[in-house]
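According to my numbering, the residues represented by the sequence shown are 23 to 124, in order. Data first, discussion second: the structure below is written as structure tokens.
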Amino acid sequence: VRGDNVLENWIFFKIQFENYSIATGLDKKPAEIQVATLLSVIGKDCLKIFTRLDIDPTKKTTTQGILQSLDNHFQPDKNTVYERFIFGSANQEAHESIDQYV
């Protein structure tokens, strides 16, 4: 989770882990083995982030819960003011129907 684009790095890690899980048969093993493997390969920085997240303890017992919690952490917050500005500055082109414009 280091580098200029943390979200992109996280997405690639997640894809690689899911492929690794299938390729090695990890996805067929008990949940505690899957969780232990995931927490072993995410790296020190990501593990530090995960241990500091305030999440439901039941989410810590499955790889899906852990991955979803980290997804939520790494997704950037929306800037509502900016999004409203962009929406308000949109101009309908002559060739666009109202459905295409909105």
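Cβ coordinates follow ideal geometry from the N, Cα and C atoms, glycine included.
**Runs of alpha helix (DSSP H) lying entirely within the stretch 27-108, each at least 4 residues, in chain order** = DSSP runs (the alpha helix (DSSP H)) wholly in the stretch 27-108: 28-46, 53-63, 66-74, 85-96.
**Request:** Would you kindly work out how many angstroms separate the C-alpha atoms of Lys51 and Ile71, rounded to a whole number?
**Result:** Computed Cα separation, rounded: 26 Å.
**Among Leu75, Asp76, Thr85, the one whose alpha carbon lies nearest that of Val63** = Nearest C-alpha to Val63: Thr85.
**Asked** Ile77 and Leu60 look like a contact to me (Cβ under 8 Å); what is the Cβ gap, rounded to whole Å?
**Response** Ile77 to Leu60, Cβ: 15 Å. No contact.
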